[in-house]
Amino acid sequence: MPSIFVSNKVLIDKALIPATVFVGDSGKIDNIIPGVIFPPPGNSAAGVRYHDFSSKVLLPGLVDAHVHLNEPGRTEWEGFETGTRAAASGGVTTVVDMPLNAIPPTTTVANLDIKLAAAKSQTYVDVAFWGGVVPGNQDELIPLVDAGVRGFKCFMIESGVDEFPAVSETDIETAMTKLAGSGAVYMFHAEMVPAEGEPVLSSDMKTTEYSTFLASRPDTFETTAIKKIIEVAESVASKTSKSDVKLHVVHVSSAEVLPLLKQAQASGLQISAETCFHYLTFASDAVPEKATHYKCCPPIRTKENQDKLWDALKSGILNTVVSDHSPCTPQLKDPEHGDFFNAWGGVSGLGLGLSVLWTEARKRGVSLEQVSAWTSKNTAAQVGLLGRKGEIDVGRDADFVVFDPDREFTVEEANLVFKNKVSPYKGLKLTGLVEKTYLRGEVIYDVASGVAEKPAGKLILERLSK
Numbered sequence: 001m002p003s004i005f006v007s008n009k010v011l012i013d014k015a016l017i018p019a020t021v022f023v024g025d026s027g028k029i030d031n032i033i034p035g036v037i038f039p040p041p042g043n044s045a046a047g048v049r050y051h052d053f054s055s056k057v058l059l060p061g062l063v064d065a066h067v068h069l070n071e072p073g074r075t076e077w078e079g080f081e082t083g084t085r086a087a088a089s090g091g092v093t094t095v096v097d098m099p100l101n102a103i104p105p106t107t108t109v110a111n112l113d114i115k116l117a118a119a120k121s122q123t124y125v126d127v128a129f130w131g132g133v134v135p136g137n138q139d140e141l142i143p144l145v146d147a148g149v150r151g152f153k154c155f156m157i158e159s160g161v162d163e164f165p166a167v168s169e170t171d172i173e174t175a176m177t178k179l180a181g182s183g184a185v186y187m188f189h190a191e192m193v194p195a196e197g198e199p200v201l202s203s204d205m206k207t208t209e210y211s212t213f214l215a216s217r218p219d220t221f222e223t224t225a226i227k228k229i230i231e232v233a234e235s236v237a238s239k240t241s242k243s244d245v246k247l248h249v250v251h252v253s254s255a256e257v258l259p260l261l262k263q264a265q266a267s268g269l270q271i272s273a274e275t276c277f278h279y280l281t282f283a284s285d286a287v288p289e290k291a292t293h294y295k296c297c298p299p300i301r302t303k304e305n306q307d308k309l310w311d312a313l314k315s316g317i318l319n320t321v322v323s324d325h326s327p328c329t330p331q332l333k334d335p336e337h338g339d340f341f342n343a344w345g346g347v348s349g350l351g352l353g354l355s356v357l358w359t360e361a362r363k364r365g366v367s368l369e370q371v372s373a374w375t376s377k378n379t380a381a382q383v384g385l386l387g388r389k390g391e392i393d394v395g396r397d398a399d400f401v402v403f404d405p406d407r408e409f410t411v412e413e414a415n416l417v418f419k420n421k422v423s424p425y426k427g428l429k430l431t432g433l434v435e436k437t438y439l440r441g442e443v444i445y446d447v448a449s450g451v452a453e454k455p456a457g458k459l460i461l462e463r464l465s466k
């Protein structure tokens with residue numbers, strides 16, 4: 001059924017303005033008129049639903065480009081149903097599923113087909129897929145692009161799961177060469193042990209203290225990896241005329257990589273980078289002893305480092321913010337002993353990102369328009385979906401977030417929709433509440449009643465434009 005959405009603050013073309021948005025039967029935006037148009041009293045147009053959000057903000061649905069849904073194989077960690085319900089509760093209307101932690105990983109077309117069968121009819125938001133680069137799967141890459149993956153992720157250090165091994169320099173070069181001209185993004189978990197080896201930890205350092213874990217994953221792991229990515233990319237570019245590979249660094253945590261990224265971007269290398277909600281919110285000095293729910297790789301670093309990540313977002317060196325929702329079962333966080341070296345590394349926060357980021361952003365004088373760009377428009381562009389997602393514009397999917405930027409709430413277990421309620425965000429007081437989420441013009445979440453009963457999400461599998 002056609003719908004009309006109105007608000008005094010609709011995010012259109014980088015500005016919050018009064019607008020009336022017309023949505024057709026297709027679930028796409030048919031027209032936008034500046035100003036709020038109210039129907040005559042008692043005379044609503046027949047067959048048209050009218051949604052008045054005059055006192056709220058209407059934002060485009062978030063595109064979370066970094067989510068581990070883990071199904072099949074580790075569905076007890078998270079699954080398509082629970083993960084996408086969590087996404088809907090936080091205004092996320094599209095997620096892009098990471099290729100690892102599910103069994104099998106998305107490293108072949110056959111494995112992708114297994115994942116698609118598991119996802120069928122389970123998704124409450126739209127889901128796209130990343131493929132994986134692992135040693136020996138180079139001949140699967142273009143077939144995976146043809147099958148609809150948005151790009152590929154690799155690890156430059158052991159991933160933590162045996163079925164997704166780290167790549168060598170040769171593997172990286174081979175994948176870059178294969179993917180040149182395909183339109184696919186090649187992404188890197190950019191940690192790499194430097195030539196001098198892993199740091200030697202003092203025998204008196206306690207493994208239940210976060211400072212010990214942080215010392216084991218120093219900034220040099222990230223800088224070493226970034227230097228290697230740039231070196232290989234420059235080498236590939238010098239050997240082939242098809243050097244237009246889009247490179248992307250996932251979950252940047254160290255501010256020491258920022259000058260390297262800035263220089264590479266200025267030189268013309270197509271390399272972008274993201275950071276995560278938890279790196280912009282938490283600081284290492286405040287992580288309590290045995291609080292293994294804060295553990296992730298790369299690690300949460302100092303407050304000074306965090307400030308530099310914010311500056312890098314403002315300047316455009318980093319241009320997207322994602323959840324890297326990487327859940328596990330509670331026992332894998334080693335709650336009995338609180339040992340950071342035994343605990344699984346990953347932060348759970350899917351569905352909280354907009355509120356988390358806005359809470360911190362407003363303290364720093366960052367606008368809601370900019371927050372939305374980092375989490376919607378820019379992430380949609382990264383995954384090749386900008387003509388469809390990430391903006392409120394004619395022809396786009398009518399994916400909306402009804403947001404109250406001033407409403408406060410405390411994160412409690414009841415707020416967490418994802419499967420395992422282990423999260424460092426519990427107990428935080430946040431400002432900014434998602435009141436409703438719409439997917440193609442249909443409400444999929446209402447703060448008063450929860451997530452919709454039936455899944456309405458689609459699997460995004462159209463081939464990338466070259």
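Reading the sequence shown from the start, the letters are residues 1 to 466 in the UniProt record's numbering. By construction, the Cβ of each residue, glycine as well, lies at the ideal position given by its N, Cα and C atoms. The structure presented is a predicted model; accordingly, all values stated were derived computationally and were not measured.
{"Check": "Reduced DSSP secondary structure (H/G/I, E/B, other) of residue 289", "Outcome": "coil"}
{"Check": "Residue 99 and residue 132 closer than 9 Å at C-beta", "Outcome": "yes"}
{"Check": "Start-to-end residues for the beta strand (DSSP E) that takes in residue 19", "Outcome": "15–23"}
{"Check": "Reference residue 180; option with closest CA among 224, 206, 325 and 244", "Outcome": "244"}
{"Check": "Residue from 361, 3 and 139 with nearest C-alpha to residue 321", "Outcome": "361"}
{"Check": "Residue 131 Cβ short of 8 Å to the ligand SAH heavy atom set", "Outcome": "In the structure shown, the ligand SAH is absent, as is every other ligand, since no ligand is present at all."}
{"Check": "Cα-Cα separation, residue 148 to residue 129", "Outcome": "8 Å"}
{"Check": "Buried or exposed (CB count within 10 angstroms, at least 16 for buried), residue 139", "Outcome": "exposed"}
{"Check": "Selection from 280, 331 and 84 that minimises the alpha carbon distance to residue 253", "Outcome": "280"}
{"Check": "In DSSP terms, what residue 28 is bridged to", "Outcome": "397"}
{"Check": "Contact between the segment 328–339 and the segment 262–280 (3+ Cβ pairs under 8 Å)", "Outcome": "no"}
{"Check": "DSSP-derived helix/strand/coil call for residue 111", "Outcome": "helix"}
{"Check": "Which residues DSSP lists as bridging residue 217, in chain order", "Outcome": "Answer is none; residue 217 lacks a bridge partner."}
{"Check": "Continuous beta strand (DSSP E) assignments of at least 3 residues falling wholly in the segment 163–250", "Outcome": "185–189 and 246–249"}
{"Check": "Whole-angstrom C-beta distance between residue 407 and residue 396, which should lie under 8 Å", "Outcome": "The pair is not a contact, with the Cβ atoms about 27 Å apart (cut-off 8 Å)."}
{"Check": "Beta-carbon proximity of residue 460 to residue 385, cut-off 9 Å", "Outcome": "yes"}
{"Check": "Minimum C-alpha distance to residue 246 - residue among 376, 373, 109 and 273", "Outcome": "273"}
{"Check": "Complete beta strand (DSSP E) runs within the segment 35–106 (minimum length 3 residues, chain order)", "Outcome": "49–52, 57–60, 62–67 and 92–97"}
{"Check": "Backbone secondary structure at residue 478 - three-state DSSP", "Outcome": "Since the first residue shown for the chain is 1 and the last is 466, residue 478 is missing from the structure and cannot be characterised."}
{"Check": "Beta-carbon gap between residue 434 and residue 27 smaller than 9 Å", "Outcome": "no"}
{"Check": "Nearest to residue 289 (by Cα), restricted to the options 282, 176 and 339", "Outcome": "339"}
{"Check": "Entirely enclosed beta strand (DSSP E) segments - the segment 261–310, minimum 3 residues", "Outcome": "271–276"}
{"Check": "Rounded straight-line distance, which links the Cα of residue 192 to that of residue 35", "Outcome": "53 Å"}
{"Check": "6 Å Cβ shell around residue 317 - same chain, five flanking residues per side excluded", "Outcome": "258, 261 and 262"}
{"Check": "Ranges of the beta strand (DSSP E) found wholly within the segment 335–389, counting only runs of at least 3", "Outcome": "none"}
{"Check": "Which listed residue (369, 297 and 230) has its alpha carbon closest to that of residue 218", "Outcome": "297"}
{"Check": "Distance between residue 8 and residue 52 (C-alpha atoms, nearest Å)", "Outcome": "10 Å"}
{"Check": "Three-state class that DSSP yields for residue 404 in the structure shown", "Outcome": "strand"}
{"Check": "Span of the beta strand (DSSP E), counted from its first residue to its last, around residue 435", "Outcome": "429–439"}
{"Check": "Element boundaries [beta strand (DSSP E), containing residue 320]", "Outcome": "320–322"}
{"Check": "For residue 442, the first and last residue of its enclosing beta strand (DSSP E)", "Outcome": "442–446"}
{"Check": "Per DSSP, the bridge partner or partners of residue 126", "Outcome": "94"}
{"Check": "Inter-residue CB distance, residue 354 and residue 62 (contact presumed, cutoff 8 Å)", "Outcome": "6 Å"}
{"Check": "9 Å Cβ cutoff met for residue 174 and residue 134", "Outcome": "no"}
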